[in-house]
Amino acid sequence: MTEYEPNFLASVISLMFLGIIFTSILIWAQKERRNPLHLGENPSTLPQWNIPWIDFLLFIFAGFLFVLFAQNIMAACMPELPEGDTIELTPQIALLSILTLHGPILLSYLFFQKFYLKDKAVRLNIVPVNFLADFKQSFILFIQFLPLIWIISLLWSSVLGLLQHFSLIEDFPVQPLVELMAKDIPMLDFLLIALLGIAFVPVIEEIIFRGCLYRFLKARNSILIAQLVSAALFALLHDNLNSFLPLVFIGFILARIYESTGSIYKTIFFHALFNASSFTFLGLLKYSELPLEIIFP
Numbered sequence: 003m004t005e006y007e008p009n010f011l012a013s014v015i016s017l018m019f020l021g022i023i024f025t026s027i028l029i030w031a032q033k034e035r036r037n038p039l040h041l042g043e044n045p046s047t048l049p050q051w052n053i054p055w056i057d058f059l060l061f062i063f064a065g066f067l068f069v070l071f072a073q074n075i076m077a078a079c080m081p082e083l084p085e086g087d088t089i090e091l092t093p094q095i096a097l098l099s100i101l102t103l104h105g106p107i108l109l110s111y112l113f114f115q116k117f118y119l120k121d122k123a124v125r126l127n128i129v130p131v132n133f134l135a136d137f138k139q140s141f142i143l144f145i146q147f148l149p150l151i152w153i154i155s156l157l158w159s160s161v162l163g164l165l166q167h168f169s170l171i172e173d174f175p176v177q178p179l180v181e182l183m184a185k186d187i188p189m190l191d192f193l194l195i196a197l198l199g200i201a202f203v204p205v206i207e208e209i210i211f212r213g214c215l216y217r218f219l220k221a222r223n224s225i226l227i228a229q230l231v232s233a234a235l236f237a238l239l240h241d242n243l244n245s246f247l248p249l250v251f252i253g254f255i256l257a258r259i260y261e262s263t264g265s266i267y268k269t270i271f272f273h274a275l276f277n278a279s280s281f282t283f284l285g286l287l288k289y290s291e292l293p294l295e296i297i298f299p
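Each residue of the sequence shown is one higher than the one before, counting from 3 in our numbering.
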């Protein structure tokens, strides 16, 4: 077994893990505070997004075209490489990739809402907004379910390890962005990528996956099927086998939060808190000189 030198940041990581697990147990132990998410039930009045398939497919196709256009512009600005070489992921490319993926998706959503689907535009939030109360409830839910996400991540990594041992799959590396953030990159670049991942990415992904996709699927399937399918698509589009099952679980939790509260802000806050915790642990691991595999197997 590999031994690691104890240091202050390693102790901070251990205390954070223990604190989150202990707090989660306390929340689960209090019936009035825990949220079981009412599996498969419909305790809210979250309306369906009942538009024709052709309109939804046009909406998706428009988003694809917006992204393709933006990324072609980015590619045209990149220096040419000798044949056979690949572009190495740098902080600048990572920032541009996030902006040219999520930015055009947001623009296509706004375009369709204002012009094409004006009469059937989706109303994302159906309850009064109270940012402080929404954040507080999202934080409690986040602490409640984070240890379960960790457990699922460990189990999924074990399953993938077994499949790899029997040569049924090849390597399953962590996401390229996680590998990049673990490298010795400038602190400013780390903070800028983290800021986009916490304050920008969750907004776009929740609008599209929960506000649009989930409610569109809900109009054509049972609530549970819509939640599972939207969660699976959410995980698939992140294009990483190592994080697939944990992301399915996270997507399911987010759909249940949206269904049970009718608040898109609660799902955005939960998503942002999860991303913030990932960047926080990644930063602590990076500067504690502990191996990435401790948290990101």
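Glycine included, every Cβ here is placed at the ideal spot set by N, Cα and C. Note that the structure is predicted; figures quoted are calculated from it, not measured.
Note on Thr269: 16 or more other CB atoms within 10 angstroms of its CB, so buried under the neighbour-count rule. At the C-beta level, Asn277 and Pro204 come within 8 Å of one another.
DSSP places Lys138 inside the alpha helix (DSSP H), whose first and last residues are 133 to 167. Taken through DSSP and simplified to helix, strand or coil, Asp173 comes out as coil. Per DSSP, Ala184 is one residue of the alpha helix (DSSP H) stretching across 178 to 184.
Taking a cut-off of 8 Å on C-beta distances, the segment 226 to 242 does not touch the segment 66 to 74, as fewer than three cross pairs fall below it. Under the three-state reduction of DSSP, Phe202 is assigned to coil, being neither helix nor strand.
In this structure, the beta-carbon distance from Ala228 to Val250 does not fall below 8 Å. A straight line joining the alpha-carbon of Ala72 with that of Leu59 spans about 20 Å. Distance from Ala274 to Arg212 at the Cβ level is roughly 13 Å; contact not present, criterion being Cβ atoms closer than 8 Å. Per the Cβ contact rule, the segment 196 to 203 is not in contact with the segment 159 to 177 (fewer than 3 Cβ pairs under 8 Å).
In this structure, Val129 lies away from Ser262, with their beta-carbon atoms at least 8 Å apart.
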